[in-house]
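Protein sequences appear in the order of chains A and B.
In this text, residue positions in the first sequence follow this note's numbering: the first is 13, and each later residue adds one.
In this text, residue positions in the second sequence follow this note's numbering: the first is 7, and each later residue adds one.
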Amino acid sequence: EAQVTQNPRYLITVTGKKLTVTCSQNMNHEYMSWYRQDPGLGLRQIYYSMNVEVTDKGDVPEGYKVSRKEKRNFPLILESPSPNQTSLYFCASRPQQGSTASYGYTFGSGTRLTVV
Amino acid sequence: SQQGEEDPQALSIQEGENATMNCSYKTSINNLQWYRQNSGRGLVHLILIRSNEREKHSGRLRVTLDTSKKSSSLLITASRAADTASYFCATGPYNNNDMRFGAGTRLTVKP
Numbered sequence: 013e014a015q016v017t018q019n020p021r022y023l024i025t026v027t028g029k030k031l032t033v034t035c036s037q038n039m040n041h042e043y044m045s046w047y048r049q050d051p052g053l054g055l056r057q058i059y060y061s062m063n064v065e066v067t068d069k070g071d072v073p074e075g076y077k078v079s080r081k082e083k084r085n086f087p088l089i090l091e092s093p094s095p096n097q098t099s100l101y102f103c104a105s106r107p108q109q110g111s112t113a114s115y116g117y118t119f120g121s122g123t124r125l126t127v128v
Numbered sequence: 007s008q009q010g011e012e013d014p015q016a017l018s019i020q021e022g023e024n025a026t027m028n029c030s031y032k033t034s035i036n037n038l039q040w041y042r043q044n045s046g047r048g049l050v051h052l053i054l055i056r057s058n059e060r061e062k063h064s065g066r067l068r069v070t071l072d073t074s075k076k077s078s079s080l081l082i083t084a085s086r087a088a089d090t091a092s093y094f095c096a097t098g099p100y101n102n103n104d105m106r107f108g109a110g111t112r113l114t115v116k117p
């Protein structure tokens, strides 16, 4: 089944304790992206990647890191989480623009992160 | 910053009625997409309309695009309780940025 898998689904952590949210896709998509969703603010892009070893900042990159060492994986790293990073996080992937397939995003199920 | 803005923020209708949601955007686009999100879950891609298209259909969904007004609408006909969800429009990708989503319209369909 074509899917984006992110883990964990729920995470409660303390301020300052480094954490990683994993994301993996099995569709050989070039693009991967991380979004956070907060009430009243919709989805805001954190980072995206156009291909292996190519990443770029979205609208709210502060406090986050990403890496794209393999095409299928795009982990999100919070080196020193703070309470304002409490949010619902989504990983998504899509094929390259211009391919014959629709380049709508396929989303993971989400990670609800609470930083106390 | 958000590119698309959906209107209304919330919409409540009876089953069987039609639901119309609107999206306005600020800059030129190559395409516009609509997504659905059931409560707390990942977004699901519904339909994509390209900038040179004016209308597109998919089942009970009808999307229109007016590039002169920088707006799009999503019509769900003969709504069902299962259509209860939030609906988002998304535009892009842009030259050095990826797709951007609006804040969404929360649709409630009462049985």
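Built from N, CA and C at the ideal position, the CB exists for glycine as well.
Note that the coordinates shown come from a computational prediction; the quantities given were computed from them, not determined experimentally.
- Taking CB atoms only, residue 51 (chain B) has a neighbour in chain A less than 8 Å away.
- The closest CA to that of residue 70 (chain A), considering only A:47, A:85, A:90, A:52, is found on A:47.
- DSSP places residue 97 (chain A) in the helix class (H, G or I) of the three-state scheme.
- The segment 11–25 of chain B and the segment 73–89 of chain A do not touch, with fewer than three beta-carbon pairs separated by less than 8 Å.
- The beta carbon of residue 36 (chain A) does not come within 8 Å of any beta carbon belonging to chain B, so the residue lies off that interface.
- Residue environment analysis places residue 53 (chain A) among the exposed positions, since fewer than 16 neighbouring C-beta atoms fall within 10 angstroms of its C-beta.
- DSSP places residue 84 (chain B) outside both helix and strand once states are collapsed to three, so it counts as coil.
- Per the coordinates, the alpha-carbon of residue 82 (chain A) lies some 25 Å from the alpha-carbon of residue 51 (chain B).
- Taking 8 Å as the cut-off, the beta carbon of residue 120 (chain A) is found no closer than this to the beta carbon of residue 25 (chain A).
- Sequence-distant Cβ neighbours of residue 100 (chain A) in its own chain, meaning closer than 8 Å and more than five residues away, are 48, 49, 50, 122, 123, 124, 125.
- Of B:48, B:104, B:24, B:36, the smallest CA-CA separation from residue 83 (chain B) is found for B:24.
- Nearest CB-CB separation between residue 97 (chain A) and chain B: not below the 8 Å threshold.
- Out of B:31, B:78, B:46, B:53, the CA that lies nearest to the CA of residue 60 (chain B) is found in B:78.
- Neighbours of residue 106 (chain B) across chain A, judged by C-beta separation under 8 Å: 57, 71.
- Distance from the CA of residue 33 (chain A) to the CA of residue 98 (chain A), rounded to the nearest whole angstrom, comes to 13 Å.
- The bridge partners DSSP lists for residue 105 (chain A) are A:44, A:118.
- Comparing alpha carbon positions, the residue from A:61, A:27, A:67, A:103 closest to residue 21 (chain A) is A:103.
- Interface with chain A (8 Å Cβ-Cβ cutoff): residue 113 (chain B) is excluded.
- Residue pairing of residue 62 (chain A) in beta bridges, as defined by DSSP: absent, with no partner found.
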